[in-house]
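Okay, so here's the structure we're looking at.
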Amino acid sequence: MGDPLISGIYNSSGTVISNSYADDQDGSDSRLTFTPSTSDTYFIAAEGYGSSTGTFRLTVEGQNSTEISASITTTGIVIVNSSVTGTIDTGGDQDWFAVRLYANTRYQVDLQGLPTSSGTLSDPCLRGIYNSTGTLVSGTTDDDSGTGANALVSFTPTSAGTYYISAGAYSGTTGTYTLAVTSQGGADTPADSTTTATVSPGGSVDGLVDQTGDSDWFAVSLTAGLTYTIDLQPKSNSTSPLNDPYLYGLYNSAGNLISGTTDDDSGAGTGAQVTCAISTSGIYYISAGGYSNNVGNYALSVSSGTSGNSGGSSGGTTTTDLAATTATTGTAIVGASASSSINSANDQDWFSVNLLAGHSYGISLSGADSNGGTLTDPFLRGIYDSSGTPIPGTTDDDSGYGNDALVNFTPTSTGTYFISAGAFSSATGSYALTVSENTIAAPTPTPTPTTPGTRGSWTVMVYVDGDNDLEPFALSDVNEIEAASLPQNIRVSALVDRTPGESSADGNWTDTRYGLISSDTNLNHISSDLTSWGERNMGDPATLTEFINAAALAAPADNYALVIWNHGGGIRGVAWDDSSNSANLSLNEVSQAIAASNVTSFGMIGFDACLQGVLDQAYALRNQTNYLVVSEDTEPGDGWDYTNWLSIFQQSTPSALQVATQAVNSFESFYRAQGNNQVTLSVVDTVQVGGVATAWSSFAQAVTTAGRSAIQTLHSSSSSALSFQDNTYVDLRSLMSNFMQLNAVANLDTSAQNVLTALSSAVVETGGLTTASGLTVYLPDSSHNGYLNSSEFPVVDLTGVSDFYSAYWA
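Note that numbering that gives the first Met the number 0 gives residue 325 to position 326 of the sequence shown, counting from 1, and the numbers run on in steps of one.
Here's what the structure looks like:
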């Protein structure tokens, strides 16, 4: 855009803030400094001066001019695996930063200043870590355990929740600093053969010496007749590297030190290195630590075994690549990580692991995006049973962080399984494989009652996953449900999961509870009798199935509605459970959970969650509900207006369409009253969803066939279309309308119009943002190419769609 301007900043009521107009502060660009007088949601109006049109970039930067308080009311926030900066202005000044931490995970907290050129503060001091009530956690203060006069604390919380880090300075020093919080994975690695930490030949693993004299043991499988080099180095990209690593030695399976395997400085620089010939195959243990009082992060690697001739001259080198069969020497241990490398295109490494029946496990394959290795796009090629037979639904490409892979798996029988680690396309590099148990197995609850209840007209089931940062809103929404005045033949059943550290309301219970909702007008207290099911993984489809069955038994009805609450991730699914290794329900897992239940079809299924108005979600549930209620965009934390939505049941037996429409209308009215007209919610007729998917497939094929010019036209159409979440979810009507305006090929216009016609039939109600059509299509850039390689996304399987994306990303 030739001359962009800021035409105003508006508060949440839509009132313009005085003196918030800006034009031409930087050439023809515009810049404005704004200090809000109250915390609120604000809206920035951007436009072109006069007749100027085109694209622009809007940037908002916080100048953090407000002093950060030293209490739990602080506005300071630091996120794990990132850093923030601040200033100690006066002697005795302290800045508190809130941070969300998980139980039984080790964190390193670094406060750095002048010694590492991370600020001007000459002697940073960590004044402690405080729990959610502001009570100091013992042993968390530190002055000089980091590099030079920097401060460093290692901390393993016993419970998940919000903690507060107090940054200060020694004596009366002042200046700027950098505060960093880094996840180190599980608790401290034991210094004996009980360790669960492993490293594989040809691989590497990172660790932390967090106190003087600390040593970590790593199990490694070594083969007789081969010679291995063990290398212990300071971690190069760490803010607090272990400056002088020390190898305490290599120990045999009985825990006895092998003579001649201790070392201090034989590696590069101050690194330690040992070369050892193995005479007996088996499990060995490497003990890693720091020389004298050195602490910090290190990298431990073990070379692939080499063999030579008896004269000692250079013989053939054998790379111990892990086999892609049940004969593999690779092992994974629950609660630990193993590292190795994908050395060539299509290479796969198998790891054996012992798993328990009925336990839910999170299996992650990490690479470059999460600093797990150098592999740019890890791919879990599947989980195999003890005979080497693949288990359906266990492959994954990008469900983890960035391009990392993640599978949640609950075995039906106890035994040995095999995990196949690979890479997407021809990517190569190192990776980390982690297996962790999502939850402690809880006993299967007995639904209440044990015999069917009286049959009603409607039963509404609300699956409330508040085991995350949205817990306060979960409690609020349950109270809204209680406030609805419902006839006796209308029942609402809820499964509510909470998390530690977010809200202490209603007794501060943190397990998972089930029950029928009773009427109560007190919006500050849940009075319904909810029975504990123990701690459940809401990201496990078995939990959703169990809830549906319990609700249908307790309150059988002629009609059923299901609402899944909260945290939506579009194509990645819904219902993230922080206490279960951030497990969540994928699109197909929601469908599978419903299919496995005793309720084969719902009148309405709604997602009180972000971004679920994507075509893939609607298509996945097209045969399991009459109507779908979804949002194209992210939703505010308050979510749906449950009291006013449920008021529809005060009528005489509303239809499924009326129930769904009321959800949209009450949602729109609730936010419009707050001055927010930008929310999105729609009702989708699932009978018509197949027509939309077919029309989209035909359009995709036509564009692919038409060639590069048509693809470029679609790129232009997408860039100017209404879109959400970093422009990856594109409104279908906006996209097709733009394409028809830019396109000059008649048959492509016909294909686009067919999509619009099918869309118009499928979306029967919309609320909020008037330009939103009700459904989006997933159109990311090529970095999300794992979309084509997962069984989780049914739209990709339609004829021609996969070829279309390949052409779109070319």
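By construction, the Cβ of each residue, glycine as well, lies at the ideal position given by its N, Cα and C atoms.
In this text, all values refer to a predicted model and were calculated from it rather than measured experimentally.
Query                                                                                                                                                                      : Result
Out of Val628, Val795, Val688, Thr413, which one is the CA nearest neighbour of tyrosine 618?                                                                              : Val688
Suppose contacts are defined by Cβ-Cβ distances below 8 Å. Is glutamate 481 in contact with serine 518 by that definition?                                                 : yes
To the nearest angstrom, how far is it from the Cα of alanine 761 to the Cα of valine 683?                                                                                 : 6 Å
Say whether the region 117-131 touches the region 165-174, bearing in mind that this needs 3 or more beta-carbon pairs closer than 8 Å, one atom from each stretch.        : yes
Sorted by chain position, which residues of the same chain lie with C-beta nearer than 7 Å to glutamine 616's C-beta, five sequence neighbours on each side aside?         : Leu586, Val629
According to DSSP, is tryptophan 508 part of a helix, a strand, or is it coil?                                                                                             : coil
Using the Cβ count rule (16 or more neighbours within 10 Å means buried), how would you classify proline 233?                                                              : buried
Which first and last residues belong to the beta strand (DSSP E) in which phenylalanine 601 is found?                                                                      : 601-607
Out of Asp384, Gly399, Leu4, point me to the one whose CA is closest to glycine 371's CA.                                                                                  : Gly399
Which residues in the same chain have their Cβ closer than 6 Å to the Cβ of glutamine 487, if we skip the five residues on either side of it in sequence?                  : none
Short check: CB of threonine 544 to CB of alanine 608, under 8 Å?                                                                                                          : no
State the DSSP-derived secondary structure class of arginine 535, mapped to helix, strand or coil.                                                                         : coil
Cβ of valine 491 within 8 Å of Cβ of isoleucine 525?                                                                                                                       : no
How many Å lie between alanine 45 and glutamine 673 at the Cα?                                                                                                             : 22 Å
Quick check on glutamate 588 - is its C-beta less than 8 Å from some C-beta in chain C?                                                                                    : Absent from the structure is chain C; it holds one protein chain and no more.
Thinking threonine 274 and threonine 222 are a contact (beta carbons under 8 Å), I'd like their distance in whole angstroms, please.                                       : Actually they do not touch by this definition, with Cβ atoms about 15 Å apart.
Spatial neighbours of glutamine 93 within its chain, please: CB distance less than 6 Å, with the 5 preceding and 5 following residues excluded, ordered by chain position. : Ala69, Arg126, Ser165, Gly167
Taking the Cβ atom as the reference point for each residue, do asparagine 861 and aspartate 376 lie within a distance shorter than 8 Å?                                    : Any property of residue 861 remains undetermined from this structure, which presents the chain solely from 0 to 809.
Is it true that the CB of valine 702 sits closer than 8 Å to the CB of alanine 692?                                                                                        : no
Hey, would you say the C-beta of threonine 458 is under 7 Å away from at least one heavy atom of the ligand FMN?                                                           : Summarising the ligand content, the structure contains no ligands, and the ligand FMN is consequently not present.
If you drop the 5 nearest sequence neighbours on each side, which residues of the same chain put their C-beta closer than 7 Å to that of glutamine 62?                     : Summary for glutamine 62: the model assigns pLDDT 48, below 50, so the residue's position carries little reliability; its value from the coordinates is reported in the next sentence. So the list is empty, once near-sequence residues are dropped.
With C-beta atoms as the reference, is leucine 374 less than 8 Å away from alanine 422?                                                                                    : yes
What's the gap between the Cα of phenylalanine 33 and the Cα of threonine 40?                                                                                              : 14 Å
What does a CB cutoff of less than 7 Å around tyrosine 129 pick up in its chain, not counting 5 residues either side in sequence?                                          : Leu135, Val136, Tyr162, Tyr163, Ser165
So, for alanine 441: in the same chain, excluding its five sequence neighbours on each side, which residues have a beta-carbon less than 7 Å away from its beta-carbon?    : Caution applies to alanine 441, whose pLDDT of 40 falls short of 50 and renders its modelled position unreliable; the value that the coordinates give is listed next. Correct list, in chain order: Trp532, Gly533, Glu534, Arg535.
Considering glycine 288, what are the terminal residues of the beta strand (DSSP E) in which it resides?                                                                   : 281-289
With a cut-off of 8 Å, do at least 3 Cβ pairs link the region 630-646 to the region 654-674?                                                                               : yes
In this structure, what does DSSP give as the bridge partners for isoleucine 71?                                                                                           : Per DSSP, none; premise fails for isoleucine 71.
Any idea what DSSP makes of glutamate 46, helix, strand or coil?                                                                                                           : strand
Do glycine 340 and glycine 428 have their CB atoms nearer than 8 Å?                                                                                                        : It is worth fixing the name first, because residue 340 is serine in this sequence and not glycine. Result yes, Cβ atoms of serine 340 and glycine 428 sit closer than 8 Å.
Quick one, which of Thr679, Gly206, Ser456, Gln650 has its alpha-carbon nearest alanine 730's?                                                                             : It is aspartate, not alanine, that sits at residue 730 in the sequence shown. Out of Thr679, Gly206, Ser456, Gln650, Thr679 has the C-alpha closest to the C-alpha of aspartate 730.
How many whole angstroms separate the CB atoms of threonine 685 and tyrosine 728, which I take to be in contact at a CB cut-off of 8 Å?                                    : Actually they do not touch by this definition, with Cβ atoms about 19 Å apart.
Return the residue from the list Asn676, Val744, Tyr641, Thr756 that minimises the CA-CA distance to alanine 694.                                                          : Thr756
Between threonine 14 and glycine 75, what straight-line distance do the alpha-carbon atoms span, to the nearest angstrom?                                                  : 28 Å
Does the beta-carbon distance from threonine 652 to serine 456 come in below 8 Å?                                                                                          : yes
Can you look up tryptophan 639 in the DSSP assignment and give me helix, strand or coil?                                                                                   : coil
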